[in-house]
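Each residue of the sequence shown is one higher than the last, beginning at 1 in full-length UniProt numbering.
Even for Gly, the Cβ is constructed at its ideal location relative to N, Cα and C.
I have placed the structure first, in the form of structure tokens, so that the comments after it can refer back to it.
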Amino acid sequence: MSSKATQFRPVLLHPRYWLIWFAFGIWRLITLLPFSVLLVIGKGTGLIFYAIPSRRKTIARRNIEICFPELSDAERAVLLRANFISTGIAVMEVGISWWWSKKRFGKLMQFEGLEHLEAVKDRGVMVLGIHYTSLEVGAAALSSKWKMDGMYRAHGNAVYDFLQARGRLNQSIGDNSVFERRDVRGTMKALKNGHSLWYGPDQDYGLRQGLFAPFFGVQAATVYATARFAEKTGAAVVPFSHIRLPGSQGYKITVYPALKDFPSGDDLVDATRINQLIETFIRLQPDQYLWVHRRFKNRPEGEDDLYNLPARKPRRRKV
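Structure follows, in structure tokens:
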């Protein structure tokens, strides 16, 4: 592991971190249980959160209404419940990805289309994924078969950052790096040097590096970095999906051919193409998508807020 984020530092043993070390220890012990039992625990966790009124539940319900207007209210309710179950299972999947042995982890995986990565092995590769609830498992599974750098989102807790960065390389083959999500310079350099890197362009990051493009027929703030990175680094863009199979069958990881004639040089055309691809992946298993994210948070000028959520209470400053 070549990233500073994965290196242990003595400060992580400070007493202020003991509680989170304890929590992660319990979490890791739970992941020793059989996969079928972890699924049951995950389902129970999801149903508990489904039963509790929350901001995230409101967001998920609204996203489903926006993206699937053809469904009846009853069908949307079924999808929302299934989505919370999937989200609960995802908590268990994080532990599975971070701490299971490669042998045990590999028994759950079915792969298809790995030859599409071999076809572009002489270039950098942007492995185009989406925010399925099974994101941790999917990325870890692919990195167990294909040398791929990891990414993480920095949190306020140093122990969480350390465990997340190391965990996301647990199943990897080779000596890989892990990049903080906003480390544009580092990711660009890695792609130029022929590395492979997971990239998920399906969230609303605003318009500083994006534009409005249709997503499920609705204008959504969409990053154009997929095309810009590919243009500047010469990297291939290879989509992949990861679906949780029924029961205890495990997961199906599917790699698709690299995008042709991409980028086109037109940001809107390219962003629309990526959104259409993401829609296709979501429709493969809509209950397994991360609907709790405000995908339509930013609106074109003159359009109303699509969520109408109550304002958050201001956080108290620590003295």
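Going by alpha carbons, who is nearest to residue i out of the options?
i	options	result
Phe104	Thr222, Asp305, Ala140	Looking at the sequence itself, residue 104 is Arg, so the reference to Phe does not match. For the residues Thr222, Asp305, Ala140, the minimum Cα distance to Arg104 belongs to Ala140.
Glu279	Asp305, Gly174, Asp202	Asp202
Gln249	Gly44, Gly200, Lys107	Lys107
Ser143	Ile66, Arg123, Gln164, Arg168	Arg168
Gly200	Val127, Gln164, Arg228	Val127
Asn193	Met109, Phe22, Gly124, Arg244	Gly124
Thr6	Val178, Val137, Leu32	Val178
Val137	Glu118, Leu117, Glu115, Lys102	Lys102
Ile96	Ala220, Pro310, Leu39, Lys145	Leu39
Arg273	Phe35, Ile30, Phe212	Phe212
Phe68	Met188, Lys297, Asp287	Asp287
Residue i: buried (16+ other C-beta within 10 angstroms of its C-beta) or exposed?
i	result
Asn176	buried
Ser2	Bear in mind that the predicted position of Ser2 carries a pLDDT of just 46, short of 50, making it unreliable; the figure below should be weighed with that in mind. So Ser2 counts as exposed.
His155	exposed
Val319	Confidence in Val319 is poor, its pLDDT being 36 and thus under 50, which makes the residue's placement too unreliable to answer from.
Gly174	exposed
Trp18	exposed
Arg317	For Arg317, the predicted model reports a pLDDT of 48, less than 50, meaning its position is unreliable; a value from the coordinates is still stated below. With fewer than 16 other Cβ atoms within 10 Å, it is exposed.
Ile26	exposed
Glu115	exposed
Asp149	buried
Asp32	In the sequence as presented, Asp is not what sits at residue 32; that position holds Leu. Its Cβ having fewer than 16 others within 10 Å, Leu32 is exposed.
Along the alpha helix (DSSP H) that carries residue i, what are the first and last residues, could you check?
i	result
Trp21	18-30
Glu93	73-99
Phe35	35-51
Gln164	158-167
Leaving out five residues on either side along the sequence, give the residues of the same chain with a beta carbon under 8 angstroms from the beta carbon of residue i.
i	result
Phe84	Gly46, Leu47, Phe49, Tyr50, Lys57, Ala60
Asp270	Tyr224, Thr226, Ala227, Phe262, Pro263, Ser264
Asp304	none
Leu71	Ile64, Leu79
Apart from the five residues on each side of it in sequence, which residues of its chain come closer than 7 angstroms, Cβ to Cβ, to residue i?
i	result
Ile20	Asn157, Val159, Tyr160
Phe281	Ile130, Ser241
Gln285	Ile243
Going along the chain, which residues of its own chain have a beta-carbon closer than 6 angstroms to the beta-carbon of residue i, five neighbours each way excluded?
i	result
Pro10	none
Asn170	Trp98
Phe215	Asn275
Tyr205	Val223
Arg166	Thr6
Name the two residues that bound the continuous beta strand (DSSP E) containing residue i.
i	result
Glu118	No beta strand (DSSP E) contains Glu118, which is instead part of the alpha helix (DSSP H) from 115-118.
Gln110	109-112
Arg244	236-244
Lys252	251-255
Met151	150-152
Using only the heavy atoms of the ligand GDP, determine whether one of them is closer than 7 angstroms to the beta carbon of residue i.
i	result
Ala220	Absence of the ligand GDP is noted for the structure shown, with no ligands found whatsoever.
Is it the case that the stretch 288-303 contacts the stretch 58-71, given that we only count it when at least three CB pairs across the two stretches are under 8 angstroms? yes
Would you call the stretch 221-238 and the stretch 258-271 touching, i.e. three or more CB-CB distances under 8 angstroms? yes
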